[in-house]
Each structure stands twice: as C-alpha cells, then as structure tokens.
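>
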Amino acid sequence: MTVLPWTRRPLVGFDVETTGTDVENDRIVTATVVRWGGPLPTLVRNWRSNMGGAEISAGATRIHGITTEQARAEGDPAAVVVTQIVEVLSEYASQSWPIVVMNAPFDLTILERECARYGVRSLWNSTPVVLDPWVLDKHLDRYRKGKRTLVDLCHHYRVKLEGGAHNSEVDAKAACGVVWKIGQRYPWVGREDVGELHEMQARWARELYEDRRAWQLQQTGTCDESPWDWPLIPVPSEVEA
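For the sequence shown, our numbering begins at 876 and goes up steadily by one.
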C-alpha cells in the first residue's frame, strides 16, 4: 500500500499558553489541538484551565492577556483539561499523524508535568512523532540572520497568522502552516518518513543545543547546565540519578 507523504496527510497542531516559563512548576492556562491539512477539514479543540488554583504571573498575562481571575472563573478543572488534551493527542498519534509543536520541549514538557501532577496517562504511551518548525528551520537554514519566533517564521515562509500571536489556537494553526511550507520548500523533507524525521530532529536539536552551550562558554565562561532534551525535557531527578 502506498503511503502518502506527510505533507498530504493531516497535521496535528498543539500549543499552550501558561502561567509562566518554568516547565517544572508552571501550569497550562489555555491549550489548542488542531487537525490541519490533508484531505480532512480543519478541526479545532480549545481548552481553558482553572490551573488547579495556581496564579498567572504578571509577565505571562502581558503576553497572552489572561488574568488569574479570568482563568479561575472561566476555566475547567485542570485535571479534566489535561486528561482531555492527552486523549485527543493520543487518538491522533495512533493514526500516525505528526504532532506539530513550535519549541516542542516547552509545550510538551509542560503537558507531561501536568500529567504527572494529576495522575494522567502520559502522551508518550502513544509514541507520538513530533515536527518542530523551529528545529527544522534552524537546521535547514542555519545561517539566516534574524529572529526565529513563530511570527518571524510565518513572515519568512509566508504563512498568514489568523489573529494575534500568543493565542494557542492561532499559534497551533500557524505552526502547522510553517511546517507544511518547510516540507514544500525542501522536497526531501516533505518526502521523509515522519518517524525518521522525528529522530533527525532529535539529533539536530542536540547539536544546536551543544553549539549554544559552547558559544556561552566562549562568551561568558559559563553555560546553561539545566537538563534538556528534544522533544521532552527529562525530569531533573532522573538526570541526577
């Protein structure tokens, strides 16, 4: 049976907005899973969490515009939100549709820590494959000058942002658009098996991380020693063990 290239099958965009930037302790505020592209119509699932009583930092509110009071009043119980997100992503992963996540180690690690916090089955039990537009773009066009935020990548690959950035639905759709455009611009990437492409990104991301650490050492004499991996950051206690 002929398998269609991933650029002709559905992509699954995933994005979260959070209480802050600490993957170990911050919480999901909003999340979106979007089925995008391929022969099927776009399908969007959105969630807002009450964060289990946590607070949104002032800096995070400035970015996504949601206050602690709004999230607590309008959000569903955090455990329910996390359970439903994993159920939807796992169903899509079971169909071998790649999960598209901009800066995957942040969003996927936040989700994994939320799963542990509430006793929810890990997404990784479903063995998802991940496509990360930042890793793909940085490896394939490494020496291009300028920033590589999602907004920047949308501009570079001519993907329309359907609303303001830092909205989980807008960002999830945009990430899918960027990844699809990358698959078109680099035909060998678009033809590659997504499982192989997942493994390639893991290697590329590690190389980029080590290059950044080397640059930090050269510039300052110190470097980031916090645990890191792609697409999921290991639990610090596991690294220490």
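Even glycine gets a Cβ: it sits at the ideal position worked out from N, Cα and C.
Please read all numbers here as calculations on a predicted model, not as lab measurements.
In terms of residues, what are the limits of the alpha helix (DSSP H) holding A1050?
Here the alpha helix (DSSP H) through A1050 covers 1043–1060.
> Apart from the five residues just before and just after V1045, which ones in its own chain have a Cβ nearer than 8 Å to its Cβ?
Non-local C-beta neighbours of V1045 in its own chain, meaning closer than 8 Å and more than five positions away in sequence, comprise L1036, E1037, G1038, G1039, ordered along the chain.
> Starting from T1095, trace the alpha helix (DSSP H) in both directions and tell me its first and last residue.
1069–1095
> Quick test of the definition: if touching needs 3 or more C-beta pairs under 8 Å, does the region 898–913 touch the region 988–1001?
yes
> Suppose contacts are defined by Cβ-Cβ distances below 7 Å. Is W911 in contact with V956 by that definition?
Contact annotation: W911 and V956 have beta-carbon atoms that are not nearer than 7 Å.
> Would a C-beta distance cut-off of 7 Å place A1080 and V1010 closer than the cut-off?
yes
> D1007 and Q1076 - do their beta-carbons sit closer together than 7 Å?
Yes, these two residues count as a Cβ contact at 7 Å.
> V995 and T958: beta carbons closer than 7 Å?
yes
> Determine the burial state of W1063: buried for a count of at least 16 other Cβ atoms within 10 Å of its Cβ, exposed for fewer.
exposed
> Determine the direct distance from the alpha carbon of A935 to that of T893, and round the result to whole angstroms.
Those two C-alpha atoms are separated by around 7 Å.
> According to DSSP, is S965 helix, strand or coil?
helix
> Tell me where the alpha helix (DSSP H) around T984 begins and ends.
979–993
> Using only the alpha-carbon positions, how far apart do F889 and W972 sit?
12 Å
> Helix, strand or coil: how does DSSP classify D951 here?
It is a strand residue.
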